[in-house]
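Engineer: When you number the sequence shown by UniProt numbering, it's gap-free, plus one each residue, and the end is 83. Just so you know, even glycine gets a beta-carbon here, dropped at the ideal spot from N, CA and C. Everything numeric in this text was worked out from a predicted model, so none of it was measured.
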Amino acid sequence: MESSKGTHGPEPASCRKKKPEGASFLEDVRTHIDEFLNASMEEHQSCLINTLQKMLGISKAKNAKNSFLGQESILDLKVTTSK
Numbered sequence: 001m002e003s004s005k006g007t008h009g010p011e012p013a014s015c016r017k018k019k020p021e022g023a024s025f026l027e028d029v030r031t032h033i034d035e036f037l038n039a040s041m042e043e044h045q046s047c048l049i050n051t052l053q054k055m056l057g058i059s060k061a062k063n064a065k066n067s068f069l070g071q072e073s074i075l076d077l078k079v080t081t082s083k
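Laid out in structure tokens, this is it:
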């Protein structure tokens, strides 16, 4: 089997192509669905990886900011025990 790595151009900056200006909500949804259905497996894979990396980056940045400011977790945890 041949490896398909490196045969394509650089990964897109966004998974979604630019939405048409002046499109209604339904036209935009229809276009988005068509793009999704017509995308190759490699496009889906790179989009998923990019999305997860962005989410992880945002999470790390927020944690770093909170630790820099000396803040702890905002969540209040309550522990209950049964008797």
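With H, G and I counted as helix, E and B as strand and the rest as coil, what does DSSP make of residue 39?
Structural biologist: For the purposes of this step, residue 39 is identified with residue 39 of the sequence shown, where counting begins at 1. Here residue 39 sits in coil by DSSP.
Engineer: How long is the line joining the alpha carbons of residue 35 and residue 26, rounded to whole angstroms?
Structural biologist: For the purposes of this step, residue 35 is identified with residue 35 of the sequence shown, where counting begins at 1. For the purposes of this step, residue 26 is identified with residue 26 of the sequence shown, where counting begins at 1. If I take the Cα positions, the gap works out to 14 Å.
Engineer: To the nearest angstrom, report how far apart residue 50 and residue 66 are at their CA atoms.
Structural biologist: Taking the sequence shown and counting its residues from 1, one reaches residue 50 at position 50. Taking the sequence shown and counting its residues from 1, one reaches residue 66 at position 66. Distance between the alpha carbons of residue 50 and residue 66 is about 24 Å.
Engineer: In whole angstroms, what is the alpha-carbon distance linking residue 81 and residue 61?
Structural biologist: Residue 81 sits at position 81 when you count from the first residue of the sequence shown. Residue 61 sits at position 61 when you count from the first residue of the sequence shown. Roughly 35 Å between the two C-alpha positions.
Engineer: What do you get for residue 63, buried or exposed, if any count of 16 or more other CB atoms within 10 angstroms of its CB means buried?
Structural biologist: Walking along the sequence shown from the start, residue 63 turns up at place 63. With fewer than 16 other Cβ atoms within 10 Å, it is exposed.
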